[in-house]
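In the working numbering, the protein residues as written are 9 to 216.
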């Protein structure tokens with residue numbers, strides 16, 4: 009609360025004499041607000057320094073008033089409440105804020121790990137089904153495409169690479185490189201990946 013005290017003294021120096029024993033002027037209302045600001049600062053400073061003492065005194069005052077109230081005196085307690093210390097109050101606040109956060113983080117990690125394991129298992133199962141239905145390996149066919157010079161043979165192998173179910177989507181068929189069989193070609197107009205297109209341009213195999 010020191011910043012509030014410094015702010016009041018530095019920016020309200022003209023208001024200090026607005027209300028004094030010798031009289032008052034037009035700034036008396038602002039002088040009272042200046043004093044009220046000091047009261048706020050002093051109260052906050054008291055909370056910071058003597059937290060337990062202040063609350064314990066407040067509890068004692070309420071207990072004294074409770075015992076001397078006719079209706080409230082019908083309800084008595086065995087042990088008088090005691091105020092928490094600063095360390096105890098901080099531990100209680102830390103427990104209130106940290107326990108839900110820890111529970112949420114642990115629950116999210118547990119769910120993410122389960123989902124990741126399930127997705128890997130399902131992906132392996134799908135791969136096994138595809139390999140049992142199709143009697144070829146895509147890596148071997150890609151090597152054959154790079155080794156075979158004739159375009160007709162490349163088209164045949166390219167058709168085999170399109171036969172698996174995962175390649176049945178129109179986007180994957182459209183973006184596959186005709187020369188290498190890669191599933192994603194950079195240039196859709198040519199249907200070729202970037203390095204193949206660059207090699208063909210350097211070899212003057214493409215018009216323009």
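Glycine included, every Cβ here is placed at the ideal spot set by N, Cα and C.
Item                                                                                                                                                       : Value
Check for me: the alpha helix (DSSP H) holding residue 165 runs from which residue to which?                                                               : 159 to 169
Excluding the 5 residues flanking residue 89 on each side, which residues of the same chain have their C-beta closer than 8 Å to its C-beta?               : 67 and 71
Please report the distance separating the alpha-carbon of residue 211 from that of residue 202.                                                            : 14 Å
Find out if the Cβ-Cβ distance for the pair residue 150, residue 156 is shorter than 7 Å.                                                                  : no
Within its chain, find whatever has a CB closer than 7 Å to the CB of residue 133; leave out the 5 residues flanking it on each side and keep chain order. : none
In angstroms with no decimal places, state the Cα-to-Cα distance between residue 47 and residue 63.                                                        : 18 Å
Considering only C-alpha positions, which residue in the set 74, 65 and 75 is nearest to residue 92?                                                       : 65
Indicate whether at least one CB of chain D lies closer than 7 Å to the CB of residue 210.                                                                 : No chain D appears in this structure, which consists of one protein chain only.
Can you tell me whether residue 93 is helix, strand or coil according to DSSP?                                                                             : coil
Quick check on the burial criterion: 16 or more other C-beta atoms within 10 angstroms. Buried or exposed for residue 204?                                 : buried
Quick check on DSSP: helix, strand or coil for residue 50?                                                                                                 : helix
Indicate the three-state DSSP secondary structure (helix, strand or coil) for residue 69 in the structure shown.                                           : helix
Is residue 103 helix, strand or coil by DSSP?                                                                                                              : helix
Rounding to the nearest angstrom, what Cα-Cα distance links residue 131 and residue 154 in this structure?                                                 : 28 Å
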